[in-house]
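Per my numbering, the very first residue in the sequence shown carries number 2; after that it's consecutive.
Where is the CB? At the ideal position from N, CA and C, for every residue including glycine.
All of these numbers come straight from a predicted model, not from anything done at the bench.
Below: the structure, in structure tokens.
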Amino acid sequence: ADAAASTAAEAQAGEATWLDIELSDAETGETYTLANLTGNVVAIEPMAIWCTNCKRQQDNVKTAFPEIEASGVTYISLGIDPGENPDALATYAERNGFEWTFSQSSSEFSRALSDLFGPQILSAPSTPLIVLDPSGEVAFQDFGFHDSEKLLGILEEAAA
């Protein structure tokens with residue numbers, strides 16, 4: 002909650018925060034910031050292509066995705082391995098039938114995540130998840146597997 006409060010305070014003070022760092026959609030090349038997504042629940046899942054735990058979690062997301070999409074949640078799988086690139090992420094998403102946004106984290110964005118949430122947030126096998134509420138504040142942050150039902154509950158709660 003402290004990280005969320007300080008993020009909101011920084012945003013109100015007009016300072017650039019992690020929400021303002023530009024990301025791009027690996028498939029379309031379209032750029033966006035998390036601040037641009039304010040008004041929606043946003044789920045960010047740090048991951049890596051080589052990570053079998055990530056793939057397992059993404060299969061849970063795939064099961065829940067029709068409901069996630071229908072509820073207006075923006076779901077982002079964030080590639081955090083600096084050895085991977087947007088083309089590889091796009092191929093991975095397409096090959097697995099994952100229809101949500103995949104973006105490659107920049108070193109600036111990864112540093113901001115680590116500063117806010119600690120270094121484990123960049124450990125893909127720990128299956129990290131960050132959920133922002135519609136105001137852009139952190140509503141949920143956890144590690145570990147979330148089956149599709151639990152995931153939908155977390156996202157629903159963030160929207161409330």
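Item	Value
Tell me which residue opens and which closes the beta strand (DSSP E) that P46 is part of.	One detail in the question is off: residue 46 reads as Glu in this sequence, not Pro. Taken as a continuous stretch (DSSP letters only), the beta strand (DSSP E) holding E46 covers 43-48.
Using the beta-carbon count (16 or more within 10 Å), is T32 buried or exposed?	exposed
With a Cβ-Cβ cutoff of 7 Å, do I122 and I77 count as a contact?	no
Could you tell me whether any Cβ in chain D is nearer than 7 Å to the Cβ of I77?	Absent here is chain D; the protein component of the structure consists of one chain.
Could you name the residues of the same chain whose beta carbon sits closer than 6 Å to that of D148, not counting the 5 residues immediately before and after it, in chain order?	N61
Counting Cβ pairs, one atom from each stretch, are 3 or more of them under 8 Å apart for the stretch 124-134 and the stretch 36-54?	yes
Please list, in chain order, all residues of the same chain as S115 whose beta carbon is under 8 Å from its beta carbon, the five residues on each side excluded.	I122, L123
At 3 residues or longer, and completely inside the stretch 100-139: list those beta strand (DSSP E) runs for me, N to C.	102-105, 129-133
My output table needs one value for S149: the three-state DSSP class, helix, strand or coil.	helix
With H, G and I counted as helix, E and B as strand and the rest as coil, what does DSSP make of A2?	Confidence is the limiting factor: at A2 the pLDDT is only 46, short of 50, which leaves the residue's position unreliable, though a coordinate-based value still follows. DSSP places A2 in coil when its eight states are reduced to three.
Among E158, E23, E28, whose alpha-carbon lies nearest the alpha-carbon of A89?	E28
Nearest-angstrom Cα distance between A140 and G84?	30 Å
Determine the DSSP secondary structure at L35, reduced to helix, strand or coil.	coil
From S107 to F118, what distance separates their C-alpha atoms?	16 Å
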